[in-house]
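Everything on this sheet refers to the single structure shown next.
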Amino acid sequence: MLTLNLTNKKAKEVGSNDRIEVNALCTLIEGRDSQLDNPFSKEAQVNYIRIARGFFGDKVMHTAPPHRLLNASKGPLIAVPLKVLTRKTLGGIGFWASRPK
5 MLTLNLTNKK
15 AKEVGSNDRI
25 EVNALCTLIE
35 GRDSQLDNPF
45 SKEAQVNYIR
55 IARGFFGDKV
65 MHTAPPHRLL
75 NASKGPLIAV
85 PLKVLTRKTL
95 GGIGFWASRP
105 K
């Protein structure tokens with residue numbers, strides 16, 4: 005888990021976000037990786053990869069074969085900061101919150 009610890013440390017150096025706990029993240033990643041060997045996986049991402057690879061064009065051109073995220077031979081882990089932008093409304097929360105009782 006040295007690479008996961010190092011990736012988390014570097015991500016914290018770049019940003020001021022301390023909300024990621026390495027142990028919890030490690031547990032999630034190991035859980036996902038353990039589902040790769042299970043043909044009846046409950047992990048949604050693993051299932052979607054398998055479904056996508058069922059189509060010849062996607063198998064050949066678009067999707068990489070599933071592999072463990074913590075496999076050092078597949079390259080280093082990287083941290084990418086994301087900001088979510090959406091146009092979806094929150095279903096009238098502002099209207100109901102400002103409405104007099």
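For what it's worth, the numbering used here labels the leading residue of the sequence shown as 5, then goes sequentially. Cβ coordinates follow ideal geometry from the N, Cα and C atoms, glycine included. Fair warning: this is a prediction, and the values are worked out from it, not measured in the lab.
Report yes if the CB atom of residue i is closer than 8 Å to the CB atom of residue j, and no otherwise.
| i | j | result |
| --- | --- | --- |
| Arg57 | Gln49 | no |
| Leu32 | Leu8 | no |
| Pro70 | Ile55 | no |
When the Cα atoms are used, what is the spatial distance from residue i to residue j?
| i | j | result |
| --- | --- | --- |
| Leu10 | Asp41 | 27 Å |
| Asp62 | Gly19 | 36 Å |
| Glu17 | Phe60 | 43 Å |
| Pro85 | Met65 | 27 Å |
| Leu1 | Glu34 | Only positions 5 to 105 of the chain appear in the structure, and residue 1 is not among them; the question remains open. |
What do you get for residue i, buried or exposed, if any count of 16 or more other CB atoms within 10 angstroms of its CB means buried?
| i | result |
| --- | --- |
| Ile82 | exposed |
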